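Number of protein chains: 2
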Amino acid sequence: MKTYKQQDLAKMNDRDRARFVNCLSGFKSANVIGTRDRHQQNNLAMISSVVHLGSNPPLLGFVMRPQSVTRHTWENIEESGVYTINQVNENFFRQAHQTSARYPRETSEFEACGLTPEFVDGFHAPYVAESSLRIGMQQVEIIPIQHNDTALIVGEVRWVEVKEEAVKSDGFIDIESLGTMTISGLDGYHRTQRAARLSYAKPDEELSELDAEGEPKD
Amino acid sequence: MKTYKQQDLAKMNDRDRARFVNCLSGFKSANVIGTRDRHQQNNLAMISSVVHLGSNPPLLGFVMRPQSVTRHTWENIEESGVYTINQVNENFFRQAHQTSARYPRETSEFEACGLTPEFVDGFHAPYVAESSLRIGMQQVEIIPIQHNDTALIVGEVRWVEVKEEAVKSDGFIDIESLGTMTISGLDGYHRTQRAARLSYAKPDEELSELDAEGEPKD
Numbered sequence: 001m002k003t004y005k006q007q008d009l010a011k012m013n014d015r016d017r018a019r020f021v022n023c024l025s026g027f028k029s030a031n032v033i034g035t036r037d038r039h040q041q042n043n044l045a046m047i048s049s050v051v052h053l054g055s056n057p058p059l060l061g062f063v064m065r066p067q068s069v070t071r072h073t074w075e076n077i078e079e080s081g082v083y084t085i086n087q088v089n090e091n092f093f094r095q096a097h098q099t100s101a102r103y104p105r106e107t108s109e110f111e112a113c114g115l116t117p118e119f120v121d122g123f124h125a126p127y128v129a130e131s132s133l134r135i136g137m138q139q140v141e142i143i144p145i146q147h148n149d150t151a152l153i154v155g156e157v158r159w160v161e162v163k164e165e166a167v168k169s170d171g172f173i174d175i176e177s178l179g180t181m182t183i184s185g186l187d188g189y190h191r192t193q194r195a196a197r198l199s200y201a202k203p204d205e206e207l208s209e210l211d212a213e214g215e216p217k218d
Numbered sequence: 001m002k003t004y005k006q007q008d009l010a011k012m013n014d015r016d017r018a019r020f021v022n023c024l025s026g027f028k029s030a031n032v033i034g035t036r037d038r039h040q041q042n043n044l045a046m047i048s049s050v051v052h053l054g055s056n057p058p059l060l061g062f063v064m065r066p067q068s069v070t071r072h073t074w075e076n077i078e079e080s081g082v083y084t085i086n087q088v089n090e091n092f093f094r095q096a097h098q099t100s101a102r103y104p105r106e107t108s109e110f111e112a113c114g115l116t117p118e119f120v121d122g123f124h125a126p127y128v129a130e131s132s133l134r135i136g137m138q139q140v141e142i143i144p145i146q147h148n149d150t151a152l153i154v155g156e157v158r159w160v161e162v163k164e165e166a167v168k169s170d171g172f173i174d175i176e177s178l179g180t181m182t183i184s185g186l187d188g189y190h191r192t193q194r195a196a197r198l199s200y201a202k203p204d205e206e207l208s209e210l211d212a213e214g215e216p217k218d
C-alpha cells in the first residue's frame, strides 16, 4: 500500500489532485440535470454527485459550485424551482459527458450534444428522452457548504418515469437492466454486473441472497 | 414507460417506497465508516452516500440521520472528530452489508462481522484492513438538512492508503482494479466493467477515449 499524506496531496498539481480526489469516494452516480430558463432556453448538465437523502418525503440532493461551468443550471433552478434528473445509460454516456463542456448560455446542450428534450405536461423543465429513468424535481432547500463555497441542492421528487419492466414487485428498480452507468473519478464510465441482492441485515442472523424480486433464493 | 406521481409514491408502503426511492439517484458508492469512542470501542457502519465535494481542499461528505442505526458513528465523530472511509470491495461486501444490522453499542461491528481494525500511527479511528483504499478523515462541518432531519457530514482528507499499482500517472485511481463495488437501492451490490475514460469535454471538439494512464488512445 502507498500512503498519501495531506502534504502529498497539497503538492500535486491541480489537475492530478482533482483526478485523484475524485476517485476517493468510490463509484458515483451518472445523471444529467435538465433545466429551462424563462426564455424557454433549455440547459443540460452532467452531474456525478446526485445522492439519496431520504425516501419519505422522497428527497435527492446534489452538489454544485455557483461559479462553475454548471452555473446556468444553478441560475435556472433558482429562477424556476424545478429540474429533472435523468439517469445516464450506455446508449448516450458520451453525449452526456460532452454536456460538461463550457457552452455559452444561449446554446442548448441538448442540441449541441445530440440529446432530445421532452416535457411532462405542466412541468417546466425538460427531461432527456434517451434516458430510461427520469425524475421531475422541485427544489426545496439550498444548503451552503461553507468549507469550499459549494452548495447542496435539495429537491423533492414530483414524478418518476421508468421502464415498467425494471420495477420489481418489492419496489426495487433494476437500474442495471436500464443500462445505467456509474462513474469513477472525472472521466471513467462503467457498466455494472450484479453480484447479489442481500437480505436486510440483523444481528445473529445469516444474510441470505435475494432474487430479482426480493424473495430469498433457495 | 410507467409514470409514478407524488401521490403514487405516498401510497406505497414504507419498505417498498424506501426500496424504490433508493434506486432513483443511480449507482451509489460503497463504503464502510470506521470510528472509535473514548473507551477504545470500535464501530463500523455501511454508508452508501459518500460523495465528492471538492478536491482543493480535498473534501468528502456523507449523509446521516442522527437517530438511526448509525447513531454510534455519529456520536463517535462528534466526540473524536475523526473517522475513516474504506472502499468496499468484492472480497468483503457481505461483511460490510452485515455491519448495517442494529448491534448494541458495546459490540464492535468489526468483530461481529469478521473484519479487521487496524490503525495509522497517531490516528484515533480504525481503518478496515480488508479494504484496498482507505482514507483518514477529519470532520470539519456538520450541515443540518432541515427538510428531513438528516445532516451532511463534511470532512477533509488527512491521509489515503491505496494499492500503488492502481494509481495512474495522471492521478486517476483505477478503483475497478481494486474490486470496489457499487450499490443500487438498499441491497444491490454490483461489480463494474469500464466502458471508457473520456477526454475533458470542450465545445467544438470531438471527445476522445483515454487509455488507463489518461493518454489519448490511437
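Protein chains in written order, with my numbering: chain A, 1 to 218; chain B, 1 to 218. Note that the Cβ used here is the ideal one computed from N, Cα and C, for glycine as well. Remember, it's a predicted structure, so these values are computed and weren't measured experimentally.
Through-space distance from residue j to residue i, alpha-carbon basis
i	j	result
THR99/A	CYS113/A	6 Å
SER177/B	ALA166/B	7 Å
VAL69/A	VAL32/B	32 Å
GLU141/B	CYS23/A	21 Å
GLY188/B	SER25/A	18 Å
LEU152/B	ALA45/B	16 Å
MET181/B	PHE62/B	17 Å
ALA125/A	ILE77/A	9 Å
PHE20/A	ALA30/B	18 Å
THR3/A	ALA10/A	14 Å
SER49/B	PHE27/A	11 Å
VAL128/A	LEU115/A	7 Å
ASP8/A	ASN13/B	49 Å
GLY136/B	GLU75/B	17 Å
GLU109/A	ASN42/A	8 Å
HIS52/A	GLU215/B	34 Å
TYR200/A	LEU198/B	37 Å
TYR72/B	GLU161/B	The sequence shown places His at residue 72/B, not Tyr. Taking the straight line from one Cα to the other gives about 25 Å.
GLN95/B	LEU133/A	31 Å
THR84/B	ARG36/B	10 Å
PHE172/A	GLU79/B	36 Å
GLU111/A	PRO117/A	9 Å
ASN148/B	GLY54/A	7 Å
Nonlocal neighbours in the same chain, by C-beta distance under 6 Å from residue i, ignoring five residues either side
i	result
SER131/B	ASN86, GLN87
PHE92/A	GLU130
GLU205/A	none
GLY179/B	ASN89, GLU90
ALA196/A	GLU209
THR150/A	VAL63, ARG65
Chain-order list of residues whose beta-carbon lies under 7 Å from that of residue i (same chain, five-residue window excluded)
i	result
GLY212/A	Correcting the residue identity first, residue 212/A is Ala in this sequence and not Gly. Result list for ALA212/A: LYS168, ASP174, in chain order.
GLN138/B	GLY81, VAL82, GLY155, GLU156, ARG158
GLY185/A	ARG19, ASN22, CYS23
Cβ-based burial, residue i [other Cβ within 10 Å; buried from 16]
i	result
VAL164/A	The sequence given here places Glu at residue 164/A; Val does not occur at that position. With fewer than 16 Cβ atoms within 10 Å of its Cβ, GLU164/A is classed as exposed.
GLN146/A	exposed
HIS190/B	buried
ARG105/B	exposed
ASN56/B	exposed
HIS39/B	exposed
GLN67/B	exposed
MET1/A	exposed
ARG102/B	exposed
ASP16/A	buried
PRO58/B	buried
GLY34/A	buried
PRO203/A	exposed
Run of the beta strand (DSSP E) containing residue i, from where it starts to where it stops
i	result
ARG36/B	31 to 36
LYS168/B	No beta strand (DSSP E) contains LYS168/B, which DSSP labels as neither H nor E.
LEU53/A	51 to 55
ALA112/A	Here ALA112/A belongs to no beta strand (DSSP E); instead the alpha helix (DSSP H) covers 109 to 113.
ASN224/A	Lying before the first or after the last residue shown, residue 224/A is absent from chain A, which here runs from 1 to 218.
VAL162/A	150 to 162
GLN138/A	133 to 145
SER68/A	That residue, SER68/A, is in no beta strand (DSSP E); it is neither H nor E in DSSP.
LEU44/A	42 to 47
Chain-order list of residues whose beta-carbon lies under 8 Å from that of residue i (same chain, five-residue window excluded)
i	result
LYS217/A	SER208, GLU209, LEU210, ASP211
HIS97/B	MET46, ASP187, TYR189
ILE222/A	Shown here, chain A extends from 1 to 218; a query on residue 222/A therefore has no answer.
N- and C-terminal bounds of the alpha helix (DSSP H) containing residue i
i	result
LYS202/A	LYS202/A -> no alpha helix (DSSP H), and no H or E assigned at all.
PHE20/A	14 to 21
LYS2/A	Taken as a continuous stretch (DSSP letters only), LYS2/A belongs to no alpha helix (DSSP H), being part of the beta strand (DSSP E) at 2 to 5.
task: With 7 Å as the C-beta to C-beta threshold (strictly closer), list the residues of the segment 54 to 73 of chain A near chain B in chain order.
output: GLY54, SER55, ASN56, PRO57, PRO58, LEU59, LEU60, VAL63
query: When you check each C-beta in the segment 182 to 197 of chain A against every C-beta of chain B, which residues fall closer than 7 Å?
result: THR182, SER184, GLY185, ASP187, GLY188, TYR189, HIS190, ARG191, THR192, GLN193, ARG194, ALA195, ALA196, ARG197
query: Along the segment 89 to 101 of chain B, what residues have a CB closer than 8 Å to any CB found in chain A?
result: GLU90, PHE93, ARG94, HIS97, GLN98, THR99, SER100, ALA101
message: Along the segment 143 to 162 of chain B, where does the CB come closer than 7 Å to a CB of chain A? Name the residues.
response: ILE143, ILE145, GLN146, HIS147, ASN148, THR150, LEU152, VAL154, VAL157, ARG158, TRP159, VAL160, GLU161, VAL162
field: Interface residues of the segment 7 to 31 of chain A facing chain B [CB-CB below 9 Å]
entry: ASP8, LEU9, ALA10, MET12, ASN13, ASP14, ARG15, ASP16, ARG17, ALA18, ARG19, PHE20, VAL21, ASN22, CYS23, LEU24, SER25, GLY26, PHE27, LYS28, SER29, ALA30, ASN31
- prompt: When you check each C-beta in the segment 42 to 53 of chain B against every C-beta of chain A, which residues fall closer than 9 Å?
  reply: MET46, SER48, SER49, VAL50, VAL51, HIS52, LEU53
Members of the segment 169 to 180 of chain A that neighbour chain B once the beta carbon cut-off is set at 7 Å: ASP170, GLY171, PHE172, ILE173, ILE175, GLU176, THR180
- request: Note down, in chain order, all residues in the segment 196 to 216 of chain A with a beta-carbon under 8 Å from any beta-carbon belonging to chain B.
  value: ALA196, ARG197, LEU198, SER199, TYR200, ALA201, LYS202, PRO203, GLU205, LEU207, LEU210, GLY214
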